[in-house]
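Working notes, structure below.
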Amino acid sequence: MDFFSILTLLGGLAMFLYGMQVMGDGLAKVSGGKLEQILENLTSSKWKAVLHGMCVTAVIQSSSATTVMVVGFVNSGIMTLEQATWIIMGANIGTTITGQLIALDVGAIAPLFAFIGVAAVVFQKNEKLKHFGEILAGLGVLFIGMTMEPLANQPAFINILAKVQNPIVGILMGMIFTAIIQSSSASVGILQALAASGVIGLNSAAFILFGQNIGTCITALLASIGTTTNAKRTTLIHIMFNVFGTIIFTILCLITPIISIIQSITPTAVPSQIANLHTLFNIVTTLLLLPVGTMLPKIASLILRESKNEASGESGMSVKYLLDPKNVHTETTMISVICIEGIRNEILRMTEMAKENIHDS
9 MDFFSILTLL
19 GGLAMFLYGM
29 QVMGDGLAKV
39 SGGKLEQILE
49 NLTSSKWKAV
59 LHGMCVTAVI
69 QSSSATTVMV
79 VGFVNSGIMT
89 LEQATWIIMG
99 ANIGTTITGQ
109 LIALDVGAIA
119 PLFAFIGVAA
129 VVFQKNEKLK
139 HFGEILAGLG
149 VLFIGMTMEP
159 LANQPAFINI
169 LAKVQNPIVG
179 ILMGMIFTAI
189 IQSSSASVGI
199 LQALAASGVI
209 GLNSAAFILF
219 GQNIGTCITA
229 LLASIGTTTN
239 AKRTTLIHIM
249 FNVFGTIIFT
259 ILCLITPIIS
269 IIQSITPTAV
279 PSQIANLHTL
289 FNIVTTLLLL
299 PVGTMLPKIA
309 SLILRESKNE
319 ASGESGMSVK
329 YLLDPKNVHT
339 ETTMISVICI
349 EGIRNEILRM
359 TEMAKENIHD
369 S
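All the letters of the sequence shown, read from the start, carry residue numbers 9 to 369 under this note's numbering.
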């Protein structure tokens, strides 16, 4: 690979990731903060919770962001661990909409999307229209950035991907790459771009895809640093969901003709095959775990036990409900509800501690 090819590859990757970021930010701004309220005001119905998690994630284009919000809600006492389980299941389904959008063959009109979007951002004074412009501009730049053909002619890179026939190697590659960029939507999109350029087929891409679903848990894992045990359990549930799905689908791919069936639906479009497998992965995993979903919080509670201080309700000179914004890798507008509620609960807790001190003295 020569220097020019490397620059082309890096430029395409940068445009793809930036386009996804701009589009997600625009969608979040258009929602006007209502998405957090939807999650906050959940009912006890698991089907409604799954649907809410799916819709919110489909809008903000990030299951990681949804899971981070859920970790914050559990940490501040707004949401129970069981409610968080249903939301996480829905979020995993909602994140597949990005892959389906990328699978659409709209590359020819992508520059038009980018032009209209940028024009709206630059020349429009209406904030709402500017946000819609950001969505269009991000979508256009995303598709333009999917020009990764330099890799298709590189024997060394093709040889690396040829080794992905080994399921474990593929899962590890997908997991590590997604953990680095902290977005399964972005990593799946890059995988689709490689498939579109003829570098990789579904037989190899499938195992990388499964690993990507595990790798996306890193964001929620980072967000749970310094939170309550219950919030950490939420992250553990997210990991268990994706590990379970990966085990089930790896076995299915090895012993059943599931890959051939998906290939037969769109024989000439590998990006669509990847998107369809990604959607199937999360829907089937959710349907399998829904009947036993209440067991996941119990398993998480057995693995992560409360400390003696938490169990007794005495945490000493430390906070219990506050979520450190430095650990939250998402927009400030997405965590304001979490932080405000956490502050409210922490003040109430401190008030009770002060009352006890006065009584004791």
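Note that beta-carbon positions come from the ideal geometry of N, C-alpha and C, so glycine has one too. Bear in mind the structure is a predicted one, so any value in this text is a computation, not a measurement.
* Asked: What did DSSP end up calling residue 337 once you bin it into helix, strand or coil?
  -> At residue 337, the pLDDT of 47 sits below 50, so the modelled position is not reliable and the matter cannot be decided from this model.
* Exposure of residue 94, with buried meaning 16 or more beta-carbon neighbours within 10 Å -> buried
* **Cβ-based neighbour list, residue 197, same chain, cut-off 6 angstroms, excluding 5 preceding and 5 following** => 110
* Cβ shell of residue 82 (< 7 angstroms), same chain only, five flanking positions each side left out -> 89, 92, 238, 239, 242
* Leaving out five residues on either side along the sequence, give the residues of the same chain with a beta carbon under 8 angstroms from the beta carbon of residue 301. => 54, 90, 93, 94, 97
* May I ask you to verify whether the segment 242-257 touches the segment 283-297, counting CB pairs closer than 8 angstroms and requiring at least 3? => yes
* Do the segment 279-287 and the segment 98-108 meet, that is, are 3 or more Cβ pairs less than 8 angstroms apart? -> yes
* Who are the Cβ neighbours of residue 101 in its own chain at under 7 angstroms, not counting the five residues just before and after it? -> 62, 290, 291, 294
* Can you give me the Cβ contacts of residue 308 inside the same chain, cut-off strictly under 6 angstroms, excluding the 5 residues immediately before and after it? => 241, 244, 245
* **Inter-residue spacing [alpha-carbon to alpha-carbon] between residue 123 and residue 133** => 17 angstroms
* **Local Cβ density within 10 Å of residue 299, reported as buried at 16 or more and exposed below that** => exposed
* Minimum length 4: unbroken alpha helix (DSSP H) runs contained in the segment 81-158 -> 89-102, 104-111, 118-131, 135-152
* Asked: So, are the CB atoms of residue 125 and residue 144 less than 7 angstroms apart?
  -> yes
* residue 323 by DSSP, collapsed to three states: which one? -> Per-residue confidence for residue 323 stands at a pLDDT of 48, beneath the threshold of 50, marking its modelled position as unreliable; the derived number appears in the next sentence. If DSSP states are grouped into helix, strand and coil, residue 323 belongs with coil.
* **Residues near residue 6 in its chain [Cβ-Cβ closer than 6 angstroms; skip 5 each side]** => The requested residue 6 is not part of the displayed model; the chain covers only 9 to 369.
* Measure the C-alpha to C-alpha separation of residue 350 and residue 85 and round it to an integer number of angstroms. => 8 angstroms
* Asked: From which residue to which residue does the alpha helix (DSSP H) around residue 231 run?
  -> 225-231
* To do: For residue 298, name the three-state secondary structure that DSSP assigns.
  => coil
* **Where residue 60 falls, given that 16 or more other Cβ within 10 Å makes a residue buried** => buried
* Taking 8 angstroms as the threshold, find out whether the segment 220-233 comes into contact with the segment 172-189 through three or more Cβ pairs. => yes
* To do: Compute the beta-carbon to beta-carbon distance between residue 218 and residue 179, rounded to the nearest angstrom, for a pair I have assumed lies under 8 angstroms.
  => 6 angstroms
* Reference residue 30; option with closest CA among 70, 208, 174 -> 70
* **Sequence-distant residues of its chain with Cβ nearer than 7 angstroms to residue 270 (five each side left out)** => 210, 281, 284, 285
* To do: Could you tell me whether any non-hydrogen atom of the ligand FMN is closer than 6 angstroms to the CB of residue 83?
  => Among the components modelled here there is no ligand, and therefore nothing to report on the ligand FMN.
* Asked: How is residue 182 classed by DSSP in three states: helix, strand or coil?
  -> helix
* Short check: CB of residue 182 to CB of residue 216, under 7 angstroms? -> yes
* Asked: Nearest to residue 33 by alpha carbon, out of 73, 18, 22, 57?
  -> 73
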